[in-house]
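First comes the structure, then the notes that go with it.
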Amino acid sequence: MKNSGFQYLTPSQNSFWQWAEDGTAIEWCDGKTIAFRDEIWQVLDRLKYEGFPPFDIVVLVLAMCRAGLSADLSRAEAFRSFLESVSATTPGTNLADVMWTGTPGLETGLKKLSSLPPCVLRSHIAKAEILSILYDPAHLRCSNRVAEEVLDAVKSGFPNEDLTAASPVDKPSTRWFLDLRWLRFSLNDKLDEETIENLLATGIE
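Note that our numbering gives residue 118 to position 40 of the sequence shown, counting from 1, and the numbers run on in steps of one.
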């Protein structure tokens, strides 16, 4: 039985991302790289005393730092398709419309994130700071103990099959809705000019 660290790192059955076959990186479902394992460990390590937000959100933020929606239009299409597939599991719910083009829209917030200066988007310190700014304690998904298990799993070079062959967990559309709604408002409300100036200083360090 996998420990809580592995459960945290396992993509859900209907997720937009997956582990690479060799376990060295996280990818979009079409195989394009989102983040390498070393980068993931560096970012999470800086958050370990605060606890981690949902890993799906961590992955999405890292994806926008690597290649934003404007730089790769296929990403926007892929993510909207993902939202539509999640919505299809719950009659009467349309995540694609509510989240993507609502006011404020998730698409707008993600583009705002990916338009930050390159020195911010390349810095693992700044990426960790972005996640720290965006989430609040009410949205933590793991304790400090589990955070240590997560870091150990990422750093120790877990057997590839432990994650790449893991049975994906089921994540209800209502859980996706809550996580993405929180991210949507955080991106649009918290990435203000003062915050960006502070991130610039962090990225230069």
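For each residue, glycine too, the CB sits at the ideal point set by N, CA and C.
Take residue i as the anchor and find which of the options has the nearest alpha-carbon.
i	options	result
Leu191	Asp248, Arg144, Asp116	Arg144
Asp230	Asp100, Asp123, Ser93, Ala98	Asp123
Ala279	Leu194, Asp267, Val232	Leu194
Lys205	Asp270, Val121, Asp257	Val121
Glu272	Asn92, Ile208, Glu99, Val164	Ile208
Leu188	Gln96, Val139, Cys220, Asp270	Val139
Leu256	Pro131, Ser159, Asp270	Pro131
Gln91	Asn276, Arg253, Glu128, Ser264	Arg253
Ala225	Tyr127, Ala141, Ser163	Tyr127
Gly129	Leu269, Cys220, Leu261	Cys220
How would you label residue i, buried or exposed, when you count the other beta carbons within 10 angstroms and need 16 or more for buried?
i	result
Thr88	buried
Arg153	buried
Arg223	exposed
Ser264	buried
Gly109	exposed
Ser251	buried
Glu275	exposed
Specify the secondary structure class of residue i as computed by DSSP and reduced to three states.
i	result
Met79	Residue confidence is low: Met79 scores 45 on pLDDT, short of 50, so the model does not pin down where it sits. Its coordinate-derived value is still stated next. Three-state result, Met79: coil.
Gln96	strand
Glu105	strand
Pro90	A small correction: the amino acid at residue 90 is Ser; Pro does not occupy that position in the sequence shown. Residue state, collapsed to three classes: strand.
Ala113	strand
Ala145	coil
Leu125	coil
Straight-line CA distance for residue i to residue j?
i	j	result
Tyr213	Arg200	20 Å
Cys197	Phe84	31 Å
Arg158	Asp248	19 Å
Ser163	Leu258	15 Å
Arg262	Leu269	11 Å
Ser210	Val136	10 Å
Tyr86	Trp106	18 Å
Can you round the beta-carbon distance between residue i and residue j to whole angstroms, since I take them to be within the 8 Å contact cut?
i	j	result
Asp134	Ser93	6 Å
Ala156	Ser165	Actually they are not in contact, since the Cβ atoms of Ala156 and Ser165 sit about 15 Å apart, beyond 8 Å.
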